[in-house]
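What follows is a short report on a single structure.
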Amino acid sequence: MKNDITIAQEARLEPIENIAQSIGVEKDDLELYGKYKAKFADSIWDKVEKKENGKLVLVTAINPTPAGEGKTTTTVGLGQALGKLNKRSMIALREPSLGPCMGIKGGAAGGGYAQVVPMEDINLHFTGDIHAVTSAHNLVSATLDNHLQQGNDLNIDTRQIVWKRAMDMNDRALRNIVVGLGGRMQGVPREDHFIISVASEIMAILCLAEDIYDLKARLEKAIIAYTYEKKPVTIKDLNITGALTVLLKDAIKPNLVQTLEHTPAIMHGGPFANIAHGCNSMRATKLALKLSDIVVTEAGFGADLGAEKFLDIKCRQGNLKPDAIVLVATIRALKYNGGIKKESLSEENLEALQQGIVNLEKHIENMQKYQVPIIVTLNQFVSDTEKEIHYVKSYCESLGCEFALSNVWAKGGEGGIELANKVLYALEKKESNFKLLYPNEATIKEKIKTVATEIYGAKAVEYSQKAEKTIEQIKALNLETLPVCIAKNQYSLSDNKDLLGRPKDFTIHVREMYVSAGAGFIVVVTGDLMTMPGLPKKPAAENIDINEEGKIIGLS
């Protein structure tokens, strides 16, 4: 089997204008970025706003493991399979971050014969959206420090600056820094920090804003610091909202690309799901719902993170209602959750499968709480045996779930026909009675406890003294009605990455909290999660190069 980048480079791409025409979009409503990428012009929304919405299908997964689950690959393959069944479908995905692409996770454009292309562009600089977010974020940082240097008229307490700097790369050395050293003319010395750009509140704002006016209004609300009197200082107070909006004027426009089988794909926005809310932009999803009959979208990492945030944050804010949920699992990952080391996952082991399937069981139970039809799909590997497949199928059906095998990595859309048919059956024959997990009126601690106990399976929640103080601060600001965005490791249902399977009787530890007033949620940081990842011992960047023919190699 060829590797992902070889398959992508050998593909015959359609001019992006042809892809747009297939969904009824004229060239005048596009802003071209070369032959195979485009942004939707602002004019498109007025033309489609009154159209009836299509159906919304969310793809999520069990907790990710080194064995890999293939969630994005399944999303792309399902979109291609629906096209083979002559359904007007589109895919709505996030943009990849350079940090994990150069680190350990690799790119995020799918894999095998279920990819979004041009893969190299998408995984690298694409149309510059994340760079725009980084520039806007750091304009706030620079202006804030300049304000301190020029006299601090806002009376900002330098010990209570909550706005960190950002860059789109994994760099652990920048997690905790000191700025302003070198003398009186170099700024005010203070402790500072970096986050990865996709954890920036500006990224969250970009992805949740309905239009550029909403973007501007949200930017103004973002809290950057507090005064010595403990009053919030916002971006509006720095008088740079207009400049930020200008920097983001193109980034807010959704991007149009295609799959290997020419299925239209919107890729826009890229908040992390373990740190941020993990969904593509609101504008992209809503536009796709107007342009197609079925929209297949995904939420990052496992269902305990991405899906919960998609449902409780994005759907809450955007008044969206998913019509079906696809839950992706692999036999390899289930055996890993059962205690088998990565090197032995290709061997048949029903006992390990039985031990690890409780992780899938918990995610099924969690998604059933939202009262949306669920289809479990097994992303098939050649090492999977008939006995193992039969066991997982029987187990899922005993829990009242539809089940389908998927082999889209090797066969593209053809390998997703069984899954597509099960999705169509759910859309046509089953009713979605989507409900949120908690009401806006619940207290902050009630919201956190609900997610921690009902979704993670925790027995209790503990708060640091710092977190307790922040809760009182949020109450004083009358922002307690906002939903919670819990930052947690992606590997375990708990806040301890080493507790695999379905851990029980554990406590979630809330280390710190801060309010993203512009995005419209409260960030709750648990365990030892870092908002700036680090590179592994052997980064993926070591494998990436460009050959004598000008072709990129080693990108995955």
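UniProt numbering puts the first residue of the sequence shown at 1, with every later residue one more than the last. Don't be surprised by glycine CBs; every beta carbon is placed ideally from N, CA and C. Note that this is a predicted model, so its numbers are computed, not measured.
Next item on the list: Evaluate Ile375 with the Cβ neighbour count: other Cβ atoms within 10 Å of its Cβ, from every protein chain shown; 16 or more gives buried, anything less gives exposed.
Entry: So Ile375 ends up on the buried side.
Item checked: Closest by C-alpha distance to Tyr456, when choosing among Ala410, Ile546, Gly111 and Ala303 -> Each of Ala410, Ile546, Gly111 and Ala303 was checked against the Cα of Tyr456, and the nearest Cα belongs to Ala303.
Next item on the list: Pick out whichever of Gly534, Val117, Gly550 and Ser556 has its Cα sitting closest to the Cα of Asn543.
Entry: The residue among Gly534, Val117, Gly550 and Ser556 with its C-alpha nearest the C-alpha of Asn543 is Ser556.
Notebook entry, point to check: Given that a residue counts as buried once 16 or more other Cβ atoms are within 10 Å of its Cβ, and exposed if not, what is Thr507?
Noted result: Exposed: under 16 other Cβ atoms inside 10 Å.
Note to self: I'd like the ranges of any alpha helix (DSSP H) spanning at least 4 consecutive residues and lying wholly in the region 313-352.
What the structure shows: If we require 4 residues or more, the alpha helix (DSSP H) runs fully inside the region 313-352 come out as 315-318 and 331-337.
Next item on the list: In angstroms with no decimal places, state the Cα-to-Cα distance between Glu512 and Phe194.
Entry: Each residue's alpha carbon lies about 16 Å from the other.
Item checked: Arg12 - DSSP class collapsed to helix/strand/coil -> Here Arg12 sits in coil by DSSP.
Notebook entry, point to check: Is it true that the CB of Gln380 sits closer than 8 Å to the CB of Ser344?
Noted result: Between Ser344 and Gln380, the CB-CB gap reaches or exceeds 8 Å.
Check: Can you list, in chain order, the residues of its chain whose CB lies under 6 Å from that of Lys335, leaving out five sequence neighbours each side?
Finding: The beta carbon of Lys335 sits closer than 6 Å to the beta carbons of Leu345, Asn349, Ala352, Leu353 and Gly356 from its chain, once the five residues preceding and following it are set aside; these are given in chain order.
Check: Going by the beta-carbon positions, is the gap between Ala41 and Ala20 smaller than 8 Å?
Finding: No. Outside cutoff.
Next item on the list: Assuming Val392 and Ile444 form a contact by the criterion Cβ under 8 Å, report the distance between their Cβ atoms to the nearest whole angstrom.
Entry: Incorrect: roughly 38 Å between the Cβ atoms, too far for contact.
Next item on the list: Kindly list the residues whose CB is nearer than 6 Å to the CB of Cys101, restricted to its own chain and excluding five residues on each side of it in sequence; keep chain order.
Entry: Gly107 and Asn123, listed in sequence order.
Notebook entry, point to check: Between the Cα of Glu480 and the Cα atoms of Gln317, Val515, Thr65 and Glu201, which residue gives the shortest distance?
Noted result: Comparing Cα-Cα distances from Glu480 to each of Gln317, Val515, Thr65 and Glu201, the minimum goes to Val515.
Check: Under 8 Å between the Cβ atoms of Gly99 and Ile196?
Finding: Against a cut-off of 8 Å, the Cβ pair of Ile196 and Gly99 comes out as a contact.
Notebook entry, point to check: Is Thr75 helix, strand or coil when you go by DSSP?
Noted result: Residue state for Thr75 is assigned as helix, using DSSP reduced to three classes.
Margin query: Quick check on Asp545: buried or exposed, where buried means 16 or more other Cβ atoms within 10 Å of its Cβ?
Written below: When all chains shown are included, Asp545 counts as exposed.
Next item on the list: Give every residue of the same chain whose Cβ lies closer than 8 Å to the Cβ of Met169, excluding the five residues on either side of it in the sequence, and list them in chain order.
Entry: Answer for Met169: Leu98, Gly99, Met102 and Ile196, listed in chain order.
Item checked: Proximity to Leu148 [Cα-Cα], best of Leu291, Ile224, Leu436 and Lys290 -> The alpha carbon of Leu148 has as its nearest neighbour, out of Leu291, Ile224, Leu436 and Lys290, the alpha carbon of Ile224.
Note to self: Going by DSSP in three states, Lys216 sits in which element: helix, strand or coil?
What the structure shows: Helix.
Item checked: Nearest to Leu174 (by Cα), restricted to the options Arg283, Ile553 and Thr531 -> Minimum Cα distance to Leu174 is reached at Thr531.
Check: What's the call for Glu52, buried or exposed, on a 16-neighbour Cβ count within 10 Å?
Finding: Per the 10 Å Cβ criterion, exposed.
Next item on the list: Report all residues from its chain with a CB closer than 6 Å to the CB of Lys290; omit the five preceding and five following residues, and keep chain order.
Entry: In chain order, Val48 and Lys51 place their CB closer than 6 Å to the CB of Lys290, counting only its own chain and leaving out the 5 sequence neighbours on each side.
Margin query: Do Ala132 and Ala209 have their beta-carbon atoms positioned less than 8 Å apart in this structure?
Written below: Result no, Cβ atoms of Ala209 and Ala132 do not sit closer than 8 Å.
Next item on the list: Could you tell me whether the Cβ of Asn547 comes closer than 8 Å to any Cβ of chain D?
Entry: Structure shown: chain D not included; a single protein chain is present.
Check: Taking the runs of the alpha helix (DSSP H) that are 4 residues or longer, which of them lie wholly in the region 454-486?
Finding: DSSP runs (the alpha helix (DSSP H)) wholly in the region 454-486: 465-476.
Checklist line | Close-in-space but distant-in-sequence residues of the same chain around Lys164 (CB under 8 Å, 5 per side omitted) | finding: So the qualifying residues of the chain are Ser141, Asp192, His193, Phe194, Ile195 and Thr531.
Checklist line | Rounded Cβ spacing between Asp495 and Thr526 (contact assumed at less than 8 Å) | finding: The pair is a contact, with the Cβ atoms about 4 Å apart (cut-off 8 Å).
Item checked: Contacting residues, own chain, Cβ-Cβ under 8 Å from Val117 (five flanking each side not counted) -> For Val117, the CB contacts under 8 Å within the same chain, skipping 5 residues up- and downstream, are Ala8, Ala11, Leu13, Tyr36, Ala109, Val257, Gln258, Thr259 and Leu260 in chain order.
Margin query: I need the boundaries of the beta strand (DSSP E) containing Thr507, first residue and last residue.
Written below: If you look at Thr507, you'll find it in the beta strand (DSSP E) that goes Thr507 to Ser516.
Next item on the list: Look at the Cβ atom of Gly416, then the Cβ atom of Leu78, and state whether they are nearer than 8 Å.
Entry: Their beta carbons are under 8 Å apart, which means Gly416 touches Leu78 by this criterion.
Margin query: I'd like to know whether the C-beta atoms of Leu427 and Met367 end up nearer to each other than 8 Å.
Written below: Their beta carbons are not under 8 Å apart, which means Leu427 does not touch Met367 by this criterion.
Item checked: Close-in-space but distant-in-sequence residues of the same chain around Gly269 (CB under 8 Å, 5 per side omitted) -> Its chain contains Arg94, Glu95, Asp129, Met203, Leu206, Cys207, Cys279, Asn280, Ser281 and Ala284 as the residues whose beta carbon lies nearer than 8 Å to that of Gly269, once the 5 sequence neighbours on both sides are disregarded; these appear in chain order.
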